[in-house]
Amino acid sequence: MGAIFGKHSRSCDCGSLRAGDSGREVTLMGWVSRRRDLGKAGQFVVLRDRGGETQLFLSPEVSAEAFELGSGLHAEDCVAVRGRVQDRGENRNPHMATGEIEVHVTELEVLSRSETPPFPVRDDPGAGEPLRLKHRYLDLRRGAMQRIFRVRSQITSAVRQTLSARGFQEVETPMLIKYTPGGARNFLVPSRLHEGRFFALAESPQIFKQLLMVAGFDRYFQIVRCFRDENPRQDRQAEFTQIDLEMSFVTEEEVFAEVEAMVASVWETVTNERPETPFLRMTWSDAMARYGTDKPDLRFGLEHVTITKLVAGSGFRVFDAVTEAGGMVKALRVEGGAARFSRKGMDELTRHVQKEEVAGAKGLAFAKVDPEGAWKGPLAKPLSPEVQARISEAVGLQPGDLLLVVADRAPVAHRAADALRREVAARLGLVDEDRWCFCWITDFPLLQWSEEAQRLTPSHHPFTMPRPEDLDLLETAPERVRALAYDLVLNGNEIAGGSIRIHDAAVQARVLEALGMSEEEARAKFGFLMDAFRYGPPPHGGIAAGLDRLTMLLAGTESIRDVIAFPKTINAQDLMTGAPDPVSPDQLRELHIQVSDDPTTR
RNA sequence: GGGGUGGUAGUUAAGUCGGUUAUAACGCCGGCCUGUCACGCCGGAGGCCGCGGGUUCGAGUCCCGUCCACCCCGCCA
Numbered sequence: 006m007g008a009i010f011g012k013h014s015r016s017c018d019c020g021s022l023r024a025g026d027s028g029r030e031v032t033l034m035g036w037v038s039r040r041r042d043l044g045k046a047g048q049f050v051v052l053r054d055r056g057g058e059t060q061l062f063l064s065p066e067v068s069a070e071a072f073e074l075g076s077g078l079h080a081e082d083c084v085a086v087r088g089r090v091q092d093r094g095e096n097r098n099p100h101m102a103t104g105e106i107e108v109h110v111t112e113l114e115v116l117s118r119s120e121t122p123p124f125p126v127r128d129d130p131g132a133g134e135p136l137r138l139k140h141r142y143l144d145l146r147r148g149a150m151q152r153i154f155r156v157r158s159q160i161t162s163a164v165r166q167t168l169s170a171r172g173f174q175e176v177e178t179p180m181l182i183k184y185t186p187g188g189a190r191n192f193l194v195p196s197r198l199h200e201g202r203f204f205a206l207a208e209s210p211q212i213f214k215q216l217l218m219v220a221g222f223d224r225y226f227q228i229v230r231c232f233r234d235e236n237p238r239q240d241r242q243a244e245f246t247q248i249d250l251e252m253s254f255v256t257e258e259e260v261f262a263e264v265e266a267m268v269a270s271v272w273e274t275v276t277n278e279r280p281e282t283p284f285l286r287m288t289w290s291d292a293m294a295r296y297g298t299d300k301p302d303l304r305f306g307l308e309h310v311t312i313t314k315l316v317a318g319s320g321f322r323v324f325d326a327v328t329e330a331g332g333m334v335k336a337l338r339v340e341g342g343a344a345r346f347s348r349k350g351m352d353e354l355t356r357h358v359q360k361e362e363v364a365g366a367k368g369l370a371f372a373k374v375d376p377e378g379a380w381k382g383p384l385a386k387p388l389s390p391e392v393q394a395r396i397s398e399a400v401g402l403q404p405g406d407l408l409l410v411v412a413d414r415a416p417v418a419h420r421a422a423d424a425l426r427r428e429v430a431a432r433l434g435l436v437d438e439d440r441w442c443f444c445w446i447t448d449f450p451l452l453q454w455s456e457e458a459q460r461l462t463p464s465h466h467p468f469t470m471p472r473p474e475d476l477d478l479l480e481t482a483p484e485r486v487r488a489l490a491y492d493l494v495l496n497g498n499e500i501a502g503g504s505i506r507i508h509d510a511a512v513q514a515r516v517l518e519a520l521g522m523s524e525e526e527a528r529a530k531f532g533f534l535m536d537a538f539r540y541g542p543p544p545h546g547g548i549a550a551g552l553d554r555l556t557m558l559l560a561g562t563e564s565i566r567d568v569i570a571f572p573k574t575i576n577a578q579d580l581m582t583g584a585p586d587p588v589s590p591d592q593l594r595e596l597h598i599q600v601s602d603d604p605t606t607r
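By my numbering, the letter at position 483 of the first sequence is numbered 488, and the numbering carries on one by one without gaps.
See the structure below:
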């Protein structure tokens with residue numbers, strides 16, 4: 006039987022004691038963070054738990070027994086102590102939340118011993134990620150990680166409170182589902198009871214939440230795990246979490262209002278500041294024209310100006326070639342930028358947009374405007390004064406400004422101008438890190454041409470409602486049809502995406518037709534959904550937000566692995582458990598599975 | 001599937017042009033220390049240089065392959 010545990014309850018956590026608690030008898034339990042031994046006079050032990058850290062003082066004068074036991078303590082030993090809170094007076098530590106006091110220990114019990122940890126448990130662990138992942142339980146013991154998961158919990162709690170209060174019902178949907186082609190690669194799960202058949206792990210609850218609308222649930226939400234067998238990235242993991250919701254009898258604006266209320270409540274909970282609603286709305290084509298991307302970072306200006314028409318036939322070989330080939334010319338005005346970019350700086354910008362992974366642009370043209378308003382640099386000579394004047398007016402050039410111009414195929418010009426805008430903003434320090442700029446991007450194209458498939462594919466999914474006024478384009482110019490599809494963008498990140506769904510069988514048939522999908526094919530893939538939609542489906546729409554990315558933004562971290570308690574590596578392995586693993590022949594036999602090419606025996 | 005960076009003590013890193021016994025800091029172990037707070041001082045132990053092959057009199061260092069981690073592109077309806 007222990008000396009403390011089981012006899013006394015914890016009186017408080019290690020982050021809560023202040024000078025006002027002086028004289029209190031307290032019981033603390035936690036882990037040894039540091040031990041500083043001053044010899045026979047005594048020793049200081051810093052005790053840590055979820056709440057913070059408290060300095061303990063052990064001396065033979067207070068308790069010879071506790072002092073003796075304390076001398077054998079090591080980092081990460083788990084202990085319980087009792088003692089009296091003492092004001093540190095002259096010796097306060099202003100860098101510690103509990104630095105006003107220390108606890109003079111009268112009793113100490115070692116609850117369990119720790120081996121020397123492979124890396125120090127502190128905010129800066131000074132260890133590489135593989136090691137931290139292997140011993141994730143120690144990594145998570147660090148204060149920095151504990152803070153991130155408190156944020157994550159605050160988010161889910163605010164989401165549940167807000168949505169429940171607004172009439173949303175939480176419903177769980179299956180994870181083991183029928184494989185439906187299209188979209189992300191699915192994980193497959195073999196069926197023991199049905200030889201040769203497989204479940205798929207749900208990549209999203211999309212179809213089920215629509216069926217819940219048919220079922221009359223009206224307002225549904227779920228904080229749900231999704232699975233996609235695609236290559237991971239810094240902000241992507243095979244297993245991730247969505248805040249998923251769907252509503253019946255609603256327009257886009259009504260979806261926006263609910264999401265805004267939810268997001269505002271989340272931000273208020275985590276940051277104590279409620280963002281202004283409604284959020285800005287911007288059409289997709291507007292976003293592409295002004296920012297060259299469907300997820301613009303609105304914390305800074307540097308908007309794009311399309312000058313294709315102004316430079317067509319200008320006599321400048323580079324621009325003429327691009328405009329004649331149906332390409333695009335985009336310009337950016339960098340206010341006062343003439344003096345901020347040296348020749349070397351311009352070279353670096355050029356190389357940046359030329360990189361294949363950035364934009365693959367052919368080059369970067371520019372001009373600096375001198376104090377008299379005259380152009381200097383590569384664009385000064387080839388463009389006539391008239392063309393220069395037209396551009397200056399369109400872009401709003403002033404003396405001292407830098408003009409950046411990219412000319413290329415439209416997608417490349419957009420990408421390059423977007424990359425340029427962000428790079429220049431970063432270099433000139435134009436990004437206000439403390440701002441949260443939310444924006445709805447609306448009117449996405451319904452369909453987009455896929456080079457790989459050599460046909461039109463849905464840009465969102467095949468159940469997305471076209472804008473009613475564009476319906477007749479479905480048969481004549483399908484690529485011009487706009488959709489009732491939308492993304493919520495925050496500081497250059499897509500944090501949610503959704504759409505109004507098709508509830509009319511005739512419209513659905515026309516969209517499938519435009520996608521080149523036959524009735525039979527559609528029936529084979531989504532037959533159960535089409536069946537359901539024969540029984541009076543309500544107009545409905547919804548959205549899904551990425552919880553992991555929201556947490557990353559609110560916790561200010563760069564890697565998705567930081568916001569998942571037990572994440573996988575970029576190679577989709579779990580370094581702690583060793584998953585995935587080979588399994589025994591017996592297990593395989595039971596599942597009616599044969600491994601044809603086993604790398605472990607190759 | 002493609003490209004890039006990295007892998008040396010428990011940890012983080014250095015290691016020059018291929019050449020003696022592979023360094024340092026932190027951590028760890030032993031001792032000392034009456035107010036520390038990244039405590040300090042003295043001493044000590046600790047190495048499959050990711051793995052496999054090759055070149056060479058000689059490889060941490062050069063070459064080939066491979067594994068792992070991270071980043072990017074494709075991919076993620």
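Don't be surprised by glycine CBs; every beta carbon is placed ideally from N, CA and C.
**Item:** Nonlocal neighbours in the same chain, by C-beta distance under 8 Å from residue 32, ignoring five residues either side
**Value:** As a working mapping, residue 32 is identified with position 27 in the first sequence. Correct list, in chain order: 9, 13, 14, 15, 16, 85, 86, 87.
**Prompt:** Would residue 79 pass as a contact of residue 37 if the rule is Cβ separation under 9 Å?
**Reply:** Residue mapping note: residue 79 aligns to position 74 of the first sequence, counting from 1. Residue mapping note: residue 37 aligns to position 32 of the first sequence, counting from 1. Between residue 79 and residue 37, the gap from beta carbon to beta carbon is short of 9 Å.
**Request:** Could you tell me the boundaries of the alpha helix (DSSP H) in which residue 357 lies?
**Result:** Locating residue 357 in the first sequence gives position 352, where the first residue counts as 1. Where residue 357 is concerned, the enclosing alpha helix (DSSP H) stretches over 348-359.
**Prompt:** Does the stretch 271-285 come close enough to the stretch 566-574 to have 3 or more Cβ pairs within less than 8 Å?
**Reply:** Result no; under three Cβ-Cβ pairs closer than 8 Å.
**Asked** Opposite residue 60 in the DSSP bridges: which residues?
**Response** Numbered from 1 along the first sequence, position 55 holds the residue referred to as residue 60. BP columns for residue 60 point to 51.
**Request:** Ignore the nearest five residues each way along the sequence and tell me which others in residue 521's own chain have a CB closer than 8 Å to its CB.
**Result:** For the purposes of this step, residue 521 is taken as residue 516 along the first sequence, with counting starting at 1. Cβ neighbours of residue 521 within its own chain (closer than 8 Å, five residues either side excluded): 460, 461.
**Asked** If we count the other Cβ atoms within 10 Å of its Cβ and call it buried at 16 or more, is residue 582 buried or exposed?
**Response** Sequence index remark: in the first sequence, residue 582 carries index 577 (1-based). It is exposed - the Cβ of residue 582 has fewer than 16 other Cβ atoms within 10 Å.
**Message:** With three or more C-beta pairs closer than 8 Å as the rule, is the stretch 532-550 touching the stretch 252-268?
**Reply:** Contact between the stretch 252-268 and the stretch 532-550 is present: three or more C-beta pairs spanning the two stretches fall below 8 Å.
**Prompt:** Counting only runs that start and end within the stretch 105-161, where is the alpha helix (DSSP H) found for 4 or more residues in a row?
**Reply:** Fully enclosed alpha helix (DSSP H) runs of 4 or longer: 134-139, 141-144.
**Asked** So, helix, strand or coil for residue 490, using DSSP?
**Response** Mapped onto the first sequence, residue 490 falls at position 485. Residue 490 falls in the strand class under three-state DSSP.
**Asked** Taking 8 Å as the line, does the beta carbon of residue 357 fall inside it for any heavy atom of the ligand FMN?
**Response** Ligands are entirely absent from the displayed structure, and the ligand FMN is therefore not among its contents.
**Asked** Could you give the C-beta distance for residue 366 and residue 430, rounded to a whole number, given that I count them as a contact under 8 Å?
**Response** In the first sequence, residue 366 corresponds to position 361, counting from 1. In the first sequence, residue 430 corresponds to position 425, counting from 1. About 18 Å separates the Cβ atoms of residue 366 and residue 430, ruling out a contact at the 8 Å cut-off.
**Asked** For residue 15, does the three-state DSSP call read helix, strand or coil?
**Response** Here residue 15 refers to the residue found at position 10 when the first sequence is read from its first residue. Residue 15 carries a coil assignment under DSSP once its states are collapsed to helix, strand and coil.
**Message:** Whole angstroms are fine: how far does the CA of residue 441 sit from the CA of residue 164?
**Reply:** Here residue 164 refers to the residue found at position 159 when the first sequence is read from its first residue. Here residue 441 refers to the residue found at position 436 when the first sequence is read from its first residue. Roughly 18 Å between the two C-alpha positions.
**Prompt:** So is residue 129 buried or exposed if we call it buried at 16+ other beta carbons inside 10 Å?
**Reply:** Within the first sequence, residue 129 is the residue found at index 124, counting from 1. Only exposed fits residue 129, as fewer than 16 other CB atoms lie within 10 angstroms of its CB.
**Prompt:** Taking the continuous alpha helix (DSSP H) assigned at residue 481, which residues delimit it?
**Reply:** Taking the first residue of the first sequence as position 1, residue 481 is located at position 476. For residue 481, the enclosing alpha helix (DSSP H) stretches over residues 478-481.
**Asked** Along the chain, which unbroken stretches of the beta strand (DSSP E) at least 3 residues long are found entirely within the stretch 161-208?
**Response** DSSP runs (the beta strand (DSSP E)) wholly in the stretch 161-208: 193-195, 203-206.
**Prompt:** Straight-line CA distance for residue 560 to residue 157?
**Reply:** To locate residue 560, count along the first sequence from 1; it is residue 555. To locate residue 157, count along the first sequence from 1; it is residue 152. Whole-angstrom Cα-Cα distance: 8 Å.
**Asked** Between residue 355 and the rest of its own chain, which residues show a CB-CB distance below 7 Å, the 5 nearest in sequence each way excluded?
**Response** Position 350 of the first sequence, counted from the first residue, corresponds to residue 355. Short of 7 Å from the beta carbon of residue 355, and not among the five residues preceding or following it, lie these beta carbons of its own chain, in chain order: 368, 369.
**Request:** Please determine, among 506, 258, 516, 411, the residue with the shortest C-alpha to C-alpha distance to residue 676.
**Result:** The first residue shown for the chain is 6 and the last is 607, placing residue 676 beyond what the model contains.
**Asked** Where DSSP assigns a beta bridge to residue 225, which residues make up the other side?
**Response** For the purposes of this step, residue 225 is identified with residue 220 of the first sequence, where counting begins at 1. DSSP, once it has assigned bridges, lists 174, 251 as partnering residue 225.
**Message:** For residue 6, which residues in the same chain have their Cβ closer than 6 Å to its Cβ, ignoring the five residues on either side in sequence?
**Reply:** Here residue 6 corresponds to residue number 1 of the first sequence, with the count starting at 1. With a pLDDT of 48 at residue 6, under the threshold of 50, the modelled position of this residue cannot be trusted, and the question is left open.
**Asked** Do residue 138 and residue 574 have their C-beta atoms closer together than 9 Å?
**Response** Against the first sequence, residue 138 aligns to sequence position 133. Against the first sequence, residue 574 aligns to sequence position 569. Result yes, Cβ atoms of residue 138 and residue 574 sit closer than 9 Å.
**Prompt:** In chain order, what residues of the same chain lie with their CB nearer than 8 Å to the CB of residue 591, ignoring the 5 residues before and after it?
**Reply:** Taking the first sequence and counting its residues from 1, one reaches residue 591 at position 586. Excluding sequence neighbours, residue 591 sits near nothing in its chain.
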